[in-house]
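Have a look at the structure below, then the notes.
Residue numbers (this note's numbering): 101 to 582.
Dropping the structure here:
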């Protein structure tokens, strides 16, 4: 009778197809033969392909790195699903400095942090925004690698990493003297002992072309992918009403151009994302949420058309895929903005919260939310999405929602309108055999070196489980859950 260790490797691989990562890790502890088999490159590439937890490592990475990342993901999942997750690490990055944060964004498994702080200079009425990029690879010794000060009212910002994370491109939108402006900064990311934060780099300043309709424009959001900048703008008409519009520009060459208004007509509260040569337009129409996907023309992707000028209007072509989600019965509309991650992969995750004004019981306002996930098919086949209603306590508002790139994990700040207390909530999407999870991450009276009541900005990375919390006094803390 053959032992399992006597089986040919191809038979062992067939058996391994039926095993989970946890099973293979357990087998590796039994004997040297199975330990060697359980460390093979082909096996781990096979296991990761069907692994249902988010990991940041590419699937073609060495098996040792894949194993390390999957073990970390399993540990995070176990902690995340506890009644109250245990904080594994806590660091204060900045102390009180009277410069409150307007925005934070974590990148690359929480290794990089982009922050925006607003403050008034002494004896000046104009608001100044300080943009900073931090390295949190060693969170015990964080370093600020880049900073720049911008004179104007902050609107939005985003950052993309390039050349194996050795360079970064930062896009900042702000209002200066009643004009909506964008600045594009490109700079190296180098970590050296004792290095001071750099304020140098390539700077490009962009003004928006003449508006397609009369009114006052306000930049709502900016995005960056494949060296293309996407700007979402709300134009408040001279005679009332508001319309939403899209501008595309090259991060290298500028040349901002309007996307034809017909592609956003009838949509409210839009969010626009770029991914794999496609533009995703997410918006609301009454009690429905709509996702329209268009394949960008090649001359836009390469931005090399000699005829492309700022006066041109871009036609993004026919709809490749169209997704529609109707709110559950009893929900008339969502008053909150649509929360969509800046990057996503196989699904399009969308979250929205609402204070339902039509449902008032004894002066207490009933609130709720929806988490939606549309499976994305590159072949253009629209698939039915899944959704979860997120019941929220009476007289609370849900703020600062942060969604992971896969949509599997999300956090947000829940504010009690009666007591004024805050707590941080957590959510996990249902996937495979894992049920969805909705619960508390940080309670209102948590034993922490800060008061959640003063929290005004969050940043979250679902792969590392890293949570950044910023406060009105300008202090910044980082919590790790694995």
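We treat Cβ as the ideally placed atom computed from N, Cα and C, and that holds for glycine.
Can you look up residue i in the DSSP assignment and give me helix, strand or coil?
i	result
residue 561	strand
residue 135	helix
residue 516	strand
residue 116	helix
residue 474	strand
residue 566	strand
residue 245	strand
residue 582	coil
residue 290	coil
residue 528	strand
residue 145	helix
residue 122	helix
residue 403	coil
residue 103	coil
residue 256	strand
residue 198	coil
residue 458	With a pLDDT of only 36 at residue 458, under 50, the local geometry of the prediction cannot be trusted, and no value is derived from it.
residue 191	strand
residue 447	strand
residue 169	helix
residue 349	strand
Residue i to residue j, Cα distance in whole Å?
i	j	result
residue 164	residue 120	17 Å
residue 563	residue 256	24 Å
residue 574	residue 202	10 Å
residue 166	residue 159	7 Å
residue 502	residue 511	5 Å
residue 583	residue 328	Nothing about residue 583 can be read from this structure; the chain reaches only from 101 to 582.
residue 357	residue 213	30 Å
residue 525	residue 449	17 Å
residue 116	residue 126	12 Å
residue 345	residue 335	8 Å
residue 250	residue 199	14 Å
residue 579	residue 139	32 Å
residue 331	residue 341	20 Å
residue 491	residue 530	16 Å
residue 322	residue 156	24 Å
residue 289	residue 360	37 Å
residue 129	residue 122	11 Å
residue 618	residue 179	As displayed, the chain neither begins before 101 nor continues past 582, which places residue 618 out of reach and without an answer.
residue 107	residue 515	59 Å
residue 62	residue 351	Residue 62 lies beyond the range of the chain shown here (101 to 582); nothing can be said about it.
Please report the Cβ distance between residue i and residue j, rounded to the nearest whole angstrom; I am assuming they are in contact, meaning their Cβ atoms lie under 8 Å.
i	j	result
residue 419	residue 394	6 Å
residue 154	residue 173	7 Å
residue 537	residue 185	Wrong, their Cβ atoms sit about 11 Å apart, outside the cutoff.
residue 259	residue 245	With 8 Å as the limit, residue 259 and residue 245 do not qualify as a contact, their Cβ atoms being about 12 Å apart.
residue 326	residue 401	7 Å
residue 447	residue 423	That belief does not hold up - the Cβ atoms of residue 447 and residue 423 are roughly 11 Å apart, past 8 Å.
residue 628	residue 278	This structure does not reach residue 628, given that the chain is present from 101 up to 582, and the question cannot be answered.
residue 471	residue 527	6 Å
residue 567	residue 522	With a Cβ gap of about 14 Å, residue 567 and residue 522 do not count as contacting.
residue 374	residue 347	Residue 374 to residue 347, Cβ: 13 Å. No contact.
residue 302	residue 268	Actually they are not in contact, since the Cβ atoms of residue 302 and residue 268 sit about 11 Å apart, beyond 8 Å.
In the DSSP assignment, what are the bridge partners of residue i?
i	result
residue 393	380 and 421
residue 321	332
residue 262	267
residue 212	207 and 235
residue 280	275
residue 453	469
residue 375	378
residue 413	358
residue 491	468
residue 576	194 and 570
residue 511	502 and 526
residue 219	228
residue 304	284
residue 368	384
Say whether chain B places a C-beta atom closer than 7 Å to the C-beta of residue i.
i	result
residue 440	Looking at the structure shown, chain B is missing, and only one protein chain is on hand.
Pick out whichever of the options has its Cα sitting closest to the Cα of residue i.
i	options	result
residue 319	289, 281, 519 and 132	281
residue 452	392, 446, 468 and 247	468
residue 363	351, 350, 343 and 306	343
residue 381	412, 416 and 353	416
residue 238	193, 247, 197 and 272	193
residue 437	285, 188 and 371	371
residue 558	210, 156 and 111	210
residue 355	386, 412 and 315	412
residue 494	500, 517 and 474	517
residue 218	571, 577 and 180	571
residue 65	376, 396, 351 and 333	Because the chain spans 101 through 582 in this model, residue 65 falls outside it and cannot be assessed.
residue 369	383, 215 and 378	383
residue 611	386, 114, 443 and 247	With the chain covering 101 to 582 only, the question about residue 611 has no answer from this structure.
Comparing the CB of residue i with every heavy atom of the ligand FAD, is any distance shorter than 6 Å?
i	result
residue 233	The model on display carries no ligand, and the ligand FAD is accordingly not part of it.
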